[in-house]
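For the sequence shown, position 263 (counting from the first letter as 1) is numbered 263 according to the working numbering, and the numbering increases by one without interruption. Glycine residues also receive a C-beta, built at the ideal position from the N, C-alpha and C atoms.
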Amino acid sequence: MDTQLSSSALGDNKIRYYNAFGRIQIDLMKVVMRDYKLDSFKLDKVAENFLQGKVINIKDDELELDSVKDIIVNGYIKLIDSDDELVEDGNKFKILKIKKNKVKLDRVPDCGDSKLVWTMAKDDVSPNDIFRLQKGSSSDRKIIAQYCIQDCALVNKLIARLCVVINSIGMSNVCSVPLSYLFLRGQGIKIHSLVAKECRKMNYLIPVVKKNNDEVSLGYEGATVFTPDIGFYERPISVDDYSSLYPSCMIQKNLSHETLVNNDKYDNLDEYKYYNCEFNNADGSKTKCRFAKKKNGDKGIMPMILDKLLAQRKFVKKLMKNESDSFKKSIYDGLQLAYKVTANSLYGQIGSSVSPIYCKEIAASTTSTGREMLELARDYITNVFPGIIESLYEGYKNKDEVSVKKILEEELVETLQNEDYYKEVKGIITKILGKVSCNIDVIYGDTDSIFIDLGDETRR
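Put into structure tokens, the structure is as follows:
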């Protein structure tokens with residue numbers, strides 16, 4: 001069968017595949033191109049990048065590896081030293097013997113005492129050699145067969161190492177789409193299916209989007225990027241980021257298609273509270289939007305979907321943490337990743353002009369709220385946080401437990417209000433602030449993260 005796949009991640013593609021009923025066909029190269037940024041997508045380069053591990057010990061031509069799961073006798077590996085340079089200019093080492101986690105190589109590596117990493121390497125046979133060997137003996141044709149089998153084995157090993165099947169099953173379950181859609185369709189169908197399912201449950205219909213081409217071409221303001229304080233910093237720089245910023249922004253202001261107030265008769269109703277958003281358009285004009293939320297706490301469809309996704313991810317991560325079985329753990333990991341990616345993708349589909357759930361007002365209001373939150377984080381870290389820390393330090397120094405407890409109860413979230421955490425805070429503040437003052441500066445910020453220089457001004 002012939003079909004076309006067009007997406008922002010993969011561009012335009014013509015796909016030809018067998019219509020094998022009951023079989024899911026995966027083009028691994030396209031999966032890797034979609035999910036990873038690599039210098040090369042040739043099979044041997046992809047294998048080198050993902051099929052690797054640590055060398056625990058080296059004695060002459062014998063290496064002790066952290067795992068021998070992906071390598072075989074008469075296979076090949078390459079070695080990388082602690083400077084991230086290929087040992088012996090990238091020449092391959094043949095594996096002669098494997099016993100437990102130890103492998104014997106065809107020669108002693110010239111690597112000194114460097115800590116090594118091993119990577120999978122292919123035993124290449126050139127096209128000219130293939131034709132020559134085909135005309136040769138049975139032993140010659142065996143070399144061709146081993147070369148071909150090697151490629152098939154590498155693909156299977158990569159699918160297992162990258163958890164392609166496990167993660168994809170998790171994603172298809174989260175988004176309620178057939179597994180094949182993840183490989184033969186674009187990204188939009190996943191979110192459309194998820195939203196359509198929730199709308200159907202709540203007796204909503206999704207109207208056909210009527211696009212204003214002039215409006216679409218204008219675009220809207222994206223994320224904030226703070227001007228960096230350029231320089232070389234010898235001190236460690238702390239990076240703080242929001243967890244799921246855009247989904248949280250949509251939940252916070254109840255940004256959804258049916259909560260957007262575009263008719264005055266739905267404004268200022270007693271049983272609703274309202275959130276205002278303002279964003280800049282590409283032509284320099286400003287647009288103001290208003291979103292409603294019921295005072296009883298009922299959320300709109302989009303925030304409700306996001307709330308479910310984030311709550312489920314938190315629940316699955318808890319299951320994963322308490323699971324001892326490695327296979328079940330990998331399933332939980334694939335599922336929590338699917339919840340995370342889907343939550344982040346919802347905003348992307350709302351902002352995509354080719355999406356059936358496109359709404360510029362929601363997408364632009366989301367980035368506008370994200371900018372507010374990033375600026376709030378910067379202002380809090382530079383103007384509020386140092387005062388809190390210095391007040392705590394003075395309270396500890398003067399043994400004023402009443403003031404200290406009052407500050408902690410006011411500033412800490414409820415889950416951290418316990419004696420064990422209070423003791424931990426006291427230990428950190430008295431140890432560090434006894435030597436240096438709290439001199440904090442935000443030197444950069446981008447989308448959902450701020451880069452913090454904690455300073456090291458000696459306390460006088």
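**Message:** Can you tell me whether Arg-107 is buried or exposed? The criterion is at least 16 other CB atoms within 10 Å of its CB, across all chains shown.
**Reply:** Here the question's residue 107 lines up with position 107 in the sequence shown. Classification of Arg-107: exposed, given that the 10 Å Cβ count is below 16.
**Item:** Reduced DSSP category for Ala-292 - H, G, I as helix; E, B as strand; rest coil
**Value:** In the sequence shown, the residue the question calls residue 292 occupies position 292. Of the three classes helix, strand and coil, the one that applies to Ala-292 here is strand, per DSSP.
**Prompt:** Would you report the Cα separation of Ile-350 and Leu-260, rounded to the nearest angstrom?
**Reply:** For the purposes of this step, residue 350 is taken as the residue at position 350 of the sequence shown. For the purposes of this step, residue 260 is taken as the residue at position 260 of the sequence shown. Answer to the nearest angstrom: the Cα atoms are 13 Å apart.
**Request:** Kindly indicate the opening and closing residues of the beta strand (DSSP E) around Met-466.
**Result:** Coverage of the chain is limited to positions 1 through 460, which leaves residue 466 absent and any answer about it impossible.
**Message:** Please give me, in chain order, every unbroken run of the alpha helix (DSSP H) with length at least 4 that falls completely inside the stretch 375–406.
**Reply:** 385–397
**Item:** Option in Leu-205, Gly-284, Ser-244 with minimal Cα separation from Arg-313
**Value:** If you number the sequence shown from 1, residue 313 lands on position 313. Checking every option, the nearest Cα to that of Arg-313 belongs to Ser-244.
**Message:** Using 9 Å as the threshold, is the C-beta distance between Ala-121 and Lys-78 below it?
**Reply:** For this step, residue 121 is matched to residue 121 along the sequence shown. For this step, residue 78 is matched to residue 78 along the sequence shown. Cβ distance < 9 Å, so Ala-121 and Lys-78 count as in contact.
**Host alpha helix (DSSP H) of Gln-52 (start-end)** = The count along the sequence shown starts at 1 and reaches residue 52 at position 52. Boundaries for Gln-52: no alpha helix (DSSP H) harbours it, while the beta strand (DSSP E) harbouring it runs 52–59, taken from the DSSP string.
**Message:** Using 9 Å as the threshold, is the C-beta distance between Tyr-444 and Pro-228 below it?
**Reply:** Here the question's residue 444 lines up with position 444 in the sequence shown. Here the question's residue 228 lines up with position 228 in the sequence shown. Yes, the Cβ-Cβ distance between Tyr-444 and Pro-228 is below 9 Å.
**Request:** Round the Cβ separation of Asp-241 and Ile-452 to the nearest angstrom and send it over; I've been treating them as touching at under 8 Å.
**Result:** The sequence position of residue 241 within the sequence shown is 241, counting from 1. The sequence position of residue 452 within the sequence shown is 452, counting from 1. About 11 Å; that fails the 8 Å criterion.
**Message:** Buried or exposed, going by whether 16 or more other CB atoms sit within 10 Å of the CB of Leu-309?
**Reply:** Mapped onto the sequence shown, residue 309 falls at position 309. Buried, since its Cβ has 16 or more Cβ neighbours within 10 Å.
**Prompt:** What residue range is occupied by the uninterrupted beta strand (DSSP E) comprising Thr-119?
**Reply:** On the sequence shown, position 119 is the one that residue 119 refers to. Here the beta strand (DSSP E) through Thr-119 covers 117–121.
**Message:** Does Asp-70 pass the burial test, meaning 16 or more other C-beta atoms within 10 Å, or should it be called exposed?
**Reply:** The residue labelled residue 70 in the question sits at position 70 within the sequence shown. Buried is the call here.
**Message:** Does Ala-363 pass the burial test, meaning 16 or more other C-beta atoms within 10 Å, or should it be called exposed?
**Reply:** Residue numbering aside, residue 363 sits at position 363 when the sequence shown is read from its first letter. Burial call: buried.
**Request:** Jot down the residue ranges of each uninterrupted beta strand (DSSP E) in the stretch 250–315, minimum 3 residues, whole runs only, in chain order.
**Result:** Listed in chain order, the complete beta strand (DSSP E) runs (minimum 3 residues) inside the stretch 250–315 are 272–280, 286–294.
**Request:** Starting from Asn-13, follow its DSSP beta bridges and name the residues at the other end.
**Result:** Along the sequence shown, one-based indexing puts residue 13 at 13. Beta-bridge pairing links Asn-13 to Leu-5.
**Asked** I think Ile-206 touches Ala-196, with their Cβ atoms under 8 Å apart; what is that distance to the nearest whole Å?
**Response** Indexing the sequence shown from 1 puts residue 206 at position 206. Indexing the sequence shown from 1 puts residue 196 at position 196. The Cβ separation is near 6 Å, so the contact holds.
**Prompt:** Would Ile-440 pass as a contact of Glu-411 if the rule is Cβ separation under 9 Å?
**Reply:** The sequence position of residue 440 within the sequence shown is 440, counting from 1. The sequence position of residue 411 within the sequence shown is 411, counting from 1. For Ile-440 and Glu-411, no; Cβs fall outside 9 Å.
**Asked** What's the call for Ile-305, buried or exposed, on a 16-neighbour Cβ count within 10 Å?
**Response** Taking the first residue of the sequence shown as 1, we reach residue 305 at position 305. Counting every other CB atom within 10 Å of its CB across the protein chains shown gives Ile-305 a total of 16 or more, marking it as buried.
**Item:** Coarse secondary structure for Tyr-421, derived from DSSP in three states
**Value:** Residue numbering aside, residue 421 sits at position 421 when the sequence shown is read from its first letter. Helix at Tyr-421.
**Message:** By alpha-carbon positions, which one of Ser-193, Lys-115, Asp-81, Val-32 ends up nearest to Val-165?
**Reply:** Reading the sequence shown from its first residue, position 165 is the one you call residue 165. It is Val-32 whose Cα lies nearest to the Cα of Val-165.
**Prompt:** From Met-250 to Gly-284, what does the alpha carbon distance come to, in whole angstroms?
**Reply:** To locate residue 250, count along the sequence shown from 1; it is residue 250. To locate residue 284, count along the sequence shown from 1; it is residue 284. The alpha-carbon atoms of Met-250 and Gly-284 are separated by roughly 24 Å.
**Cβ shell of Ile-105 (< 6 Å), same chain only, five flanking positions each side left out** = The residue labelled residue 105 in the question sits at position 105 within the sequence shown. Sequence inspection shows Leu at residue 105; the Ile mentioned does not correspond to that position. Cβ neighbours of Leu-105 beyond the five flanking positions: Asp-61, Phe-93.
**Request:** Would you be able to state if there are at least three C-beta pairs under 8 Å between the stretch 109–129 and the stretch 41–53?
**Result:** The way I'd put it, the stretch 41–53 does touch the stretch 109–129; three or more beta-carbon pairs between them come closer than 8 Å.
**Prompt:** Tell me which same chain residues have a C-beta within less than 8 Å of the C-beta of Asp-110, skipping the five on either side of it?
**Reply:** Locating residue 110 in the sequence shown gives position 110, counting from the first residue. Closer than 8 Å at the Cβ level, and outside the excluded window around Asp-110, lie Val-87, Glu-88.
**Asked** Which value, in whole angstroms, describes the spacing of the CA atoms of Ala-282 and Phe-327?
**Response** In the sequence shown, residue 282 corresponds to position 282, counting from 1. In the sequence shown, residue 327 corresponds to position 327, counting from 1. Their backbone Cα atoms lie some 49 Å apart in a straight line.
**Prompt:** Relative to the C-alpha of Leu-96, which residue among Gly-75, Lys-115, Ser-114, Leu-116 is closest?
**Reply:** In the sequence shown, counting from the first residue as 1, residue 96 sits at position 96. Nearest C-alpha to Leu-96: Gly-75.
**Request:** Might you give, ordered along the chain, the residues of its own chain that have their beta carbon closer than 6 Å to the beta carbon of Asp-267, omitting 5 neighbours on each side?
**Result:** Here the question's residue 267 lines up with position 267 in the sequence shown. Excluding its 5 nearest sequence neighbours in each direction, Asp-267 has C-beta neighbours in its own chain below 6 Å: Val-261, listed in chain order.
**Request:** With a cut-off of 8 Å on the beta carbons, I'd call Val-209 and Tyr-358 a contact; round off their distance for me.
**Result:** Reading the sequence shown from its first residue, position 209 is the one you call residue 209. Reading the sequence shown from its first residue, position 358 is the one you call residue 358. With a Cβ gap of about 5 Å, Val-209 and Tyr-358 count as contacting.
**Rounded straight-line distance, which links the Cα of Ser-324 to that of Arg-460** = For the purposes of this step, residue 460 is taken as residue 460 along the sequence shown, with counting starting at 1. For the purposes of this step, residue 324 is taken as residue 324 along the sequence shown, with counting starting at 1. Confidence at Arg-460 is low in this model, with a pLDDT of 48, below 50, so its placement is unreliable and no value can be given for it.
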